[in-house]
Each structure stands twice: as C-alpha cells, then as structure tokens.
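Numbering-wise (numbering that gives the first Met the number 0), the sequence shown opens with residue 0 and increments by one. Have a look at the structure below, then the notes.
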Amino acid sequence: MDKLDNVKTYKVTEPFLDLNCGLGEAPFWEGGGRVRFVDIVKQKLHSVDLEKGASSLTSVDLPISIGTTANVEGHDDGFVFLGKHGFGYYDKAKGTHRYIKKMWTEEEIADGKEERMRGNDGAVDSRGRYWAGAMNDPLVKEPSDEGVLFRLDPDLSLHRILSNVTIPNGISWSADDRTVYFTDSPSGQITAYDFAAATGRICNPRPFFRIPSSGPLAGGVPDGHAVDADGYLWVAIFGTGRVVRVVPEGGRDGRRAGEVVALVELPTRCVSCPGFVGEELLVTSAEEEDPDGHPESKRFQGAVFRVHVGIGGMKLHRFGGKV
C-alpha cells in the first residue's frame with residue numbers, strides 16, 4: 000500500500016479560508032454550523048459558520064497560545080483549553096480566560112519548564128476526562144522528550160499518563176471505547192493502547208499505524224486525527240499535503256488494521272489537523288517550512304480546507320468538570 004494504488008481519493012484545490020495561519024490546529028464543531036479552531040503560533044482563536052461561509056469568520060487575538068479546546072458539560076458560553084501554562088476556561092462572551100489547573104509543580108516552574116513548554120493537541124473521553132499533551136515551545140526550545148500526556152479528570156485532579164514524549168498529537172478512542180490511539184509525531188507512528196473507560200488507565204502499547212518508507216507518505220509525520228462513525232481514523236500527514244483514512248484495530252471488511260483506504264489531497268504540504276462537521280472534514284494547515292523549495296505549497300500555507308467525505312464523525316464529548 001506504499002503507493003496508495005486503488006485508494007479512494009478526494010482532491011481539494013482551493014481553500015475554504017485563505018488565512019495564512021502560522022500553525023492552524025484543533026478544528027472543533029461547536030454544534031449547528033459553527034466551527035472554532037486556533038492558530039497556536041499567532042495566538043488567535045477563529046470561528047466560522049460553514050453555511051454562511053468565509054464572510055462569517057471571526058478572529059480574536061489571544062494573550063497566550065492555545066493548542067486544544069473542548070466543550071464543557073453545562074456550559075455553552077465557553078470552553079476548556081490547554082494553553083501555555085496549563086488547563087483553563089475561556090469565556091466567549093467576555094473574551095477572557097482563567098486557568099483552572101496548572102501543568103507543572105513549583106519545582107518545575109522554578110526550573111523554567113512553564114516558559115519552555117506549551118499545550119498541544121487533546122480530546123475528551125467518554126467519561127468527561129480531558130486528555131491533552133504538552134511539548135517544548137519551539138519559540139523557546141527545540142522540541143525534546145520533555146513532553147507529557149496529561150489527563151485532567153472532572154474532579155480537577157491532574158494525572159501524568161505518558162512522559163518522555165516529544166510532540167504529542169492526535170488522541171482518540173475506538174468505537175467500542177476499548178482502545179485509545181495516540182500520536183507522538185517524530186516517532187512516525189500512531190500507537191494503540193488498551194483503554195479502561197471506568198478508570199482511565201491505559202496499557203499494552205503497540206504500533207498501529209506507521210509512516211511508510213516509500214511512496215507519497217514517505218518523509219511525512221502523523222499529526223492530528225479524527226475518528227469517523229465507523230471507527231476509521233482520518234490522519235493528517237504533515238509535510239505531504241495529505242489526510243489518510245486508516246482501518247482501525249481489528250481490521251474491517253477484509254482490510255488489515257492500519258491500512259490506508261482513502262486519501263484527501265490538499266494544495267499545501269503542512270496539513271495539521273482534520274475535524275468532522277457533519278459529513279465534511281475541516282482541515283487546518285501551517286506555514287510552509289520550505290517555501291523556496293515548495294513555492295506551490297506556500298500559496299495556500301496556513302489555509303483551512305473543507306471536503307465532503309460522506310460520513311460523519313464520532314461524538315465529541317464534553318469535559319465533565321466544574322469550571
């Protein structure tokens with residue numbers, strides 16, 4: 000499958016939003032036709048109504064970088080996030096934020112960790128726990144294995160689930176809620192773990208999807224991903240201009256787990272994260288890393304794309320804690 004022969008292909012040639020994000024991330028369907036997403040590097044929060052189109056775009060400058068957001072049980076006027084210094088709550092009406100849980104201990108803060116790290120990708124599980132990863136802030140330090148995958152429980156207790164992570168990215172759960180998929184991008188693979196929904200514990204890590212050494216995905220890295228209603232993962236392959244649909248663990252319809260069965264081709268290389276809005280995917284992207292070598296990719300760098308794929312996504316759960 001390295002050549003991706005006989006794979007259903009969706010080709011996108013124009014952006015939905017020609018935004019020039021530094022690092023567009025975390026498309027999140029708020030309900031109705033409205034979607035929010037962030038620009039981590041330029042510290043912006045964007046929101047758009049897909050039915051009304053680009054003219055409905057609103058953009059807010061943020062005082063901090065935000066990597067991931069999630070809705071909150073009982074609150075429609077704001078959302079939780081993982082930002083520069085920890086987990087917080089953003090009030091959309093007031094345009095203000097406050098932290099509800101810092102990531103680091105006093106000793107780690109004294110060592111400078113709060114300044115050299117930032118939040119990245121994340122998602123909420125079926126029991127209302129918010130899983131999100133922190134990594135070195137590239138504006139301060141080149142990413143190393145200081146990264147951590149955190150889990151914030153509804154009682155606001157914070158748990159370090161995985162350490163020695165470099166760039167924590169997509170995290171999602173299988174349709175039967177017994178497997179969690181997690182990406183550490185520089186590893187070139189998505190790892191699957193057994194997941195106990197009742198306790199939030201994970202164990203038994205094993206490779207699930209790996210970037211092939213040849214073919215159109217070679218040289219790319221797995222970034223954010225989303226899961227459709229049939230349990231397949233749609234994975235952004237940063238550096239290739241592609242989002243791939245991957246067979247979940249256990250295999251489906253005679254296809255092996257991790258096999259690519261569909262492909263979205265986009266006109267810029269640095270695609271970062273897909274998110275479902277009905278039966279469409281909204282795909283964010285980042286600034287082209289090699290503009291001289293890839294001028295065609297630079298044209299739509301940082302844009303947001305949309306594509307109809309004929310299937311919806313799994314339910315987006317709300318954080319269950321009091322904020």
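From the three backbone atoms N, C-alpha and C, an ideal C-beta is built for every residue, glycine too.
Inside the region 177-259, DSSP marks whole beta strand (DSSP E) runs of 3 or more residues at positions 178-183, 188-195, 200-209, 220-226, 232-237 and 241-245, from first to last along the chain. Residue state for Pro-294 is assigned as helix, using DSSP reduced to three classes. Contact annotation: Val-282 and Ala-235 have beta-carbon atoms nearer than 8 Å. DSSP, reduced to helix, strand and coil, places Ala-53 within a helical segment of the structure shown. For the set Phe-78, Glu-107 and Glu-106, the Cα lying nearest the Cα of His-96 is the one of Phe-78. Restricting attention to Lys-297, Gly-309, Arg-298 and Gly-249, the CA atom closest to the CA of Ala-261 is found in Gly-309.
Boundaries of the alpha helix (DSSP H) harbouring Glu-114: 112-115, taken from the DSSP string. Counting only residues of its own chain and dropping the five nearest sequence neighbours on each side, Ala-191 has a CB closer than 6 Å to the CB of Thr-178, Tyr-180, Arg-205, Phe-207 and Glu-248. Take the alpha-carbon of Gly-66 and the one of Val-11: they are about 25 Å apart.
For Gly-240 against Val-270, the beta-carbon gap comes to about 6 Å, under 8 Å, which counts as contact. Around the Cβ of Ala-285, a 10 Å sphere holds 16 or more other Cβ atoms; the residue is buried. Between Val-242 and Leu-49, the C-beta spacing is not below 8 Å. Closest in alpha carbon position to Leu-151, among Lys-101, Ser-171, Ala-195 and Glu-114, is Lys-101. Straight-line spacing of the CA atoms in Ser-58 and Gln-42 works out to 10 Å. Around the beta-carbon of Ser-125, fewer than 16 other beta-carbon atoms lie within 10 Å, marking it exposed.
Per the coordinates, the alpha-carbon of Asn-163 lies some 15 Å from the alpha-carbon of Gln-188. Judged by beta-carbon spacing, Pro-167 lies within the 8 Å limit of Asp-120, meaning their Cβ atoms are closer than that value. Within the region 7-42, complete beta strand (DSSP E) segments of at least 3 residues are found at 7-10, 23-30 and 33-38, given in chain order.
If you draw a straight line from the Cα of Glu-145 to the Cα of Tyr-9, it is about 37 Å long. His-307 and Pro-62 have their C-alpha atoms spaced approximately 34 Å apart.
Cβ-Cβ separation between Phe-237 and Glu-72: approximately 32 Å, too far for a contact (criterion under 8 Å). Counted as a single uninterrupted DSSP element, the beta strand (DSSP E) harbouring Ile-160 occupies residues 157-164. Ile-170 is bridged by DSSP to Phe-181. In the DSSP annotation of this structure, Ala-92 is not part of any alpha helix (DSSP H), being labelled neither H nor E. Closest in C-alpha terms to Lys-91, from the list Lys-83, Glu-107 and Thr-68, comes Thr-68. The residues Leu-148 and Arg-150, in chain order, have a CB closer than 6 Å to that of Ile-160 in the same chain once the five nearest residues on each side in sequence are set aside.
In this structure, Val-246 lies near Tyr-231, with their beta-carbon atoms less than 8 Å apart.
According to the DSSP assignment, Glu-107 belongs to no beta strand (DSSP E) but to the alpha helix (DSSP H) extending over 105-109.
Under the DSSP definition of a beta bridge, Ala-131 partners with Gly-121 and Phe-149. Residues of the same chain with a CB within less than 7 Å of the CB of Glu-287, apart from the 5 flanking positions on each side, are Thr-267, Arg-268, Cys-269, His-293, Ser-296, Lys-297 and Gln-300 in chain order. Asp-193 sits exposed, since fewer than 16 C-beta atoms from the chains shown fall within 10 Å of its C-beta. When secondary structure is reduced to three states using DSSP, Ile-63 falls in the coil class, being assigned neither helix nor strand. Annotated as proximal: Leu-3 and Gly-214, with beta-carbon spacing under 8 Å.
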